[in-house]
Structures are given as C-alpha cells and as structure tokens.
Amino acid sequence: MAGGSSTPNSRLKTVDRYRKAVKLYRSPRLSCSEISRTCGVSLSGVKGHIREYDRHLILAQYNSPCDKEAIEAYDSMDYIEYNISQIARCFGLDDTNLSKQLRTHYPRVIKRHEKVRKRLGLSDNLPHGTRQFCKKRYAGAERLLRGDRYITFSEAARSSDISDWSSICCFTTKSLWASVLRFGKRRSNNSAKAK
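The working numbering applies: residue 16 is where the sequence shown begins, and numbers increase by one.
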C-alpha cells in the first residue's frame, strides 16, 4: 500500500500527499515522471498510489475496458452460486484476467464472496449430485427392476455392478417404489392364499 502503514490516519496523509499528483494525472499531457517532479514525490509513489486508489484513471487513460459489471456481479448475491470463471463467461470476459484483476485490486471482494459461498454450502469443494457413470449404472438397475417382476434389489445391484442395493433405493423414482410395493403386497397375498 502506498504511504506506509495502513492506519486510517496514514491513509489520509497519503491521499493528501498525492492529491495534486492525481489532479495532474487526469490531464493526459503530463507523464508520471513529470508529475512526480512537479509534486515533489517519488515516481514509484505516484504510480503505486494511482494504481491502489484511483485505478479508474489508469483504465480511462489507456482506454482499457473496466470489468466493472462483472466485478459488481461477483460481489452481489444474485451471482453467489457462480465462481469467477462462470461470471467471466456470463460477461464475455477472460476468466484468468478477471481473477487476476479481482486478486490484485479487489481482494476483499473475493474473501467476502468465498465466505458467503462457504456459509451457504456452495463452496465446500465436494462433488455434489450423482456422477454420470453412476447414473448409467442406476438406470440399468432401474430398467431391470421395472422389466422383470421377479428380480430382487440385490440381484439388480449385482448385475448392474452396484456395490450396495440401498444406493439403488436412494436413486429410484417414487413410481418404481410404488410398483414394487404393490407387487410385493400381491405376492405376499398370493403366497398366503396358497397356504
């Protein structure tokens, strides 16, 4: 940070020290070295102060598009379920450049975003949902259960290469469960009548 320690008093002193330099920087006629000589401050100090506190001036001077909308979106609750690369894609930006800009100039926004995502359970770095290869296996087991009335959950699990039949129970639909239960009741009624 330009100007030494980060106490509020030192920040005010820093802003006061570079106020004239910032005014001169707004006019594109002077270079940073001329501004530093005119104001009696170091060249690295002028550049660092403007980069830290008045970044919009740098972007305006070089006609560089500011990713302001994407940064505001990253900081809002409307886009909390998205990570940096997803937000960059939404706004047609390069995700690497957006993440660099956020890390360099808006580190507090990143910390706040990640803290909220973690609190909501969106950023626990664990895979959520069913994986594709599991869906295929479960779908195969479900087809077996729907097609053959005399197959058990354990047999369907074994033939579909699923380790635990209880995981099929979690995956199968309510309609399949209803038909299995109806069939089980009919089967138990028929066996009771046969006795």
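We treat Cβ as the ideally placed atom computed from N, Cα and C, and that holds for glycine.
The DSSP-derived three-state label of Asn98 is coil. Excluding the 5 residues flanking it on each side, Arg152 has same chain C-beta neighbours closer than 8 Å at Ser175, Asp176 and Ile177, in chain order.
Measuring C-alpha to C-alpha distances from Glu129 to each of Arg70, Ile99, Arg32 and Asp31 identifies Ile99 as the nearest. Rounded to the nearest angstrom, the gap between the Cα atoms of Lys126 and Tyr165 is 56 Å.
In this structure, His71 sits away from Tyr33, with a CB-CB distance that is not shorter than 8 Å. Counting along the chain, Ser174 sits inside the alpha helix (DSSP H) bounded by residues Phe168 to Ser174.
Leaving aside the five residues that flank Ala85 on each side, the residues in its chain whose CB is nearer than 7 Å to its CB run, in chain order, Ile102, Ala103, Phe106, Leu108 and Leu113.
Within the same chain, Cβ atoms closer than 7 Å to the Cβ of Arg118 are found at Ile125, the five residues on either side in sequence being excluded. As the crow flies, the alpha-carbon of Glu96 is around 37 Å from that of Val30. Nearest to Leu135 by alpha-carbon distance, out of Ala156, Met92, Ile73 and Ser25, is Met92. Taking 8 Å as the cut-off, the beta carbon of Gln116 is found closer than this to the beta carbon of Asp82.
The residue among Lys133, Lys35 and Ile73 with its C-alpha nearest the C-alpha of Gly55 is Lys35. Shown here, Arg146 sits in coil according to DSSP, grouped into three states, outside any helix or strand. About 5 Å separates the CB atoms of Ser48 and Leu58; that is less than 8 Å, so the two are in contact.
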